[in-house]
Amino acid sequence: MNFKLLLQHFTRELSGLYDHEEAAAILNIVTRQVSGFDRGKLLLKSSESVPEGDLTLFNSFLTELKTGKPVQYVLGETVFYGLPFKVSPSVLIPRPETEELVEWVLDTVDVTGMSGLQILDVGTGSGCIAVCLKKNLGAAGVFALDVSKDCLLIAATNATLNEADIIFIEADIRNYSDARKFDVIVSNPPYITMDEKQAMHENVLTHEPHLALFVSNEDPLVFYRAVADFALSNLSSEGLLFFEINEYLGKETLKMLHDKSFIDTELRKDMQGKDRMIRCRLKASE
Ligand SMILES: C[S@@+](CC[C@H](N)C(=O)[O-])C[C@H]1O[C@@H](n2cnc3c(N)ncnc32)[C@H](O)[C@@H]1O
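Under this note's numbering, read the sequence shown as residues 15 to 300, first letter to last.
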């Protein structure tokens, strides 16, 4: 079988789950891992035979993909902000909008030029935010907190993989206290309501960790309040708080932050034009 036929085979076998474009994109990702070449090289090699050993691997990955398992879990890895990350079904697959949050933190920190920066990532999951911040702000002390031991094990693997020195904390942010002060607290906590859950893609629901995703309809800001309360006592005087947010709850999240006396609140849209991120800071104490 040549690579062109392999593409046809993939798109046909996955047609119940993914359209042609999506299946081709998945094959590109799988090919990078199995054969080590990118999309351009795959096109150039379209008439070449797929080596027998590689074909066996392609077919075993295809069998798993047909169950609806996301390609990142099938391969056990992904790329986030240009860095490699291991992922397992106990961690959320890092999303492109979270890369935009990382970018915003890095832009802000560069501008303000803080030194000896202390950063806390709440709900670290795969460790994607914490690792990227540490890689780009070498001198900063970076802490990463999650309630899930399994997440922290993957996050620690990713810190080692990327040679990023991070201090991990296993805790529930709803009842966590700490004497340390942080200059930046960043969080992408669970924010999808049970109502929104109904409309979600089946493969996210079946394969991604619900602990990372869902909150009740009654109290969708539960984690935002917990992180904000922690920030009230643990942000340094010039410190900044960054959130990734539910696109439908921008106004409510801003109000909650104003009510808690955070100032300079800024709501940003993601690349898809959805309300997605907030940055704010503490009112300086008199
Ligand atoms: C939306 S995921 C974000 C993962 C990662 N930071 C990212 O951006 O891809 C939310 C994370 O919050 C963690 N989490 C859920 N409840 C928590 C709690 N009570 N305290 C601390 N972390 C919690 C989950 O385990 C999950 O890793």
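Where a beta carbon is used, it is the ideal one built from N, C-alpha and C, also for glycine.
Going by C-alpha distance, which of the options is nearest residue i?
| i | options | result |
| --- | --- | --- |
| Leu246 | His272, Met15, Asp284 and Leu151 | His272 |
| Gly67 | Val48, Leu58 and Ala178 | Val48 |
| Val36 | Ser230, Arg282 and Leu79 | Correcting the residue type first, residue 36 is Glu in the shown sequence and not Val. The candidate whose alpha carbon is nearest that of Glu36 is Leu79. |
| Lys163 | Asn16, Ser140, Asp121 and Gly155 | Ser140 |
| Asp284 | Val105, Leu227 and Leu115 | Leu115 |
| Leu159 | Lys274, Asp121 and Ile143 | Ile143 |
| Arg311 | Arg282, Leu255, Thr267 and Glu261 | Given that the chain is displayed from residue 15 to residue 300, the structure contains no residue 311 and the question cannot be resolved. |
| Ala154 | Asp135, Leu167, Leu166 and Ala170 | Asp135 |
| Cys165 | Leu120, Asp52, Pro98 and Ile107 | Ile107 |
| Met208 | Thr220, Lys195, Asp278 and Asp233 | Asp233 |
| Ser104 | Tyr262, Leu69, Asp278 and Gln86 | Gln86 |
| Asp121 | Ile180, Arg293 and Gly30 | Arg293 |
Relative to ligand 1, is the shortest distance from any of its heavy atoms to the C-beta of residue i smaller than 8 Å?
| i | result |
| --- | --- |
| Leu219 | no |
| Pro110 | no |
| Leu79 | no |
| Ala226 | yes |
| Ile133 | no |
| Gly14 | No statement about residue 14 is possible, as the shown extent of the chain runs from 15 to 300 and does not include it. |
| Arg65 | The displayed chain sequence assigns Pro, not Arg, to residue 65. Checking every heavy atom of ligand 1 against the Cβ of Pro65, none is found closer than 8 Å. |
| Ser102 | no |
| Pro84 | no |
| Gly137 | yes |
| Glu258 | yes |
| Ser230 | no |
| Ile301 | Coverage of the chain is limited to positions 15 through 300, which leaves residue 301 absent and any answer about it impossible. |
| Cys146 | no |
| Ala341 | Outside the shown range of the chain (15 to 300) lies residue 341, about which nothing can therefore be said. |
| Ser202 | In the sequence as presented, Ser is not what sits at residue 202; that position holds Asn. Yes, ligand 1 has a heavy atom inside 8 Å of this Cβ. |
| Ile181 | no |
| Phe237 | yes |
Taking 9 Å as the threshold (C-beta atoms), are residue j and residue i in contact?
| i | j | result |
| --- | --- | --- |
| Ala178 | Lys148 | yes |
| Glu258 | Asn172 | no |
| Ser250 | Asp192 | no |
| Val101 | Glu113 | no |
| Val64 | Phe24 | no |
| Ile183 | Val156 | no |
| Ile206 | Phe237 | no |
| Asn260 | Glu222 | no |
| Pro204 | Leu167 | no |
| Leu281 | Gly264 | yes |
| Lys83 | Asn231 | no |
| Leu58 | Ala38 | no |
| Val200 | Ala169 | no |
| Leu76 | Leu28 | yes |
Secondary structure at residue i, three-state DSSP: helix, strand or coil?
| i | result |
| --- | --- |
| Asn231 | coil |
| Arg307 | No answer is possible for residue 307: the residues shown for the chain start at 15 and end at 300. |
| Phe94 | strand |
| Glu177 | coil |
| Gly155 | strand |
| Phe51 | coil |
| Leu255 | strand |
| Glu261 | coil |
| Leu31 | coil |
| Ser1 | No statement about residue 1 is possible, as the shown extent of the chain runs from 15 to 300 and does not include it. |
| Glu62 | coil |
| Ser104 | coil |
| Glu222 | coil |
| Asn172 | helix |
| Lys283 | strand |
| Lys195 | coil |
| Ser250 | strand |
| Val125 | In this prediction, Val125 has a pLDDT of 49, which is less than 50 and means its spatial position is unreliable; nothing more can be read from the coordinates. |
| Thr25 | helix |
| Leu134 | strand |
| Ser140 | coil |
| Arg295 | strand |
| Asn16 | strand |
| Asp209 | helix |
| Ser275 | coil |
With hydrogens ignored, establish whether the beta-carbon of residue i is closer than 8 Å to any heavy atom of ligand 2.
| i | result |
| --- | --- |
| Asn172 | Absent from the structure shown: ligand 2. Ligands present: ligand 1. |
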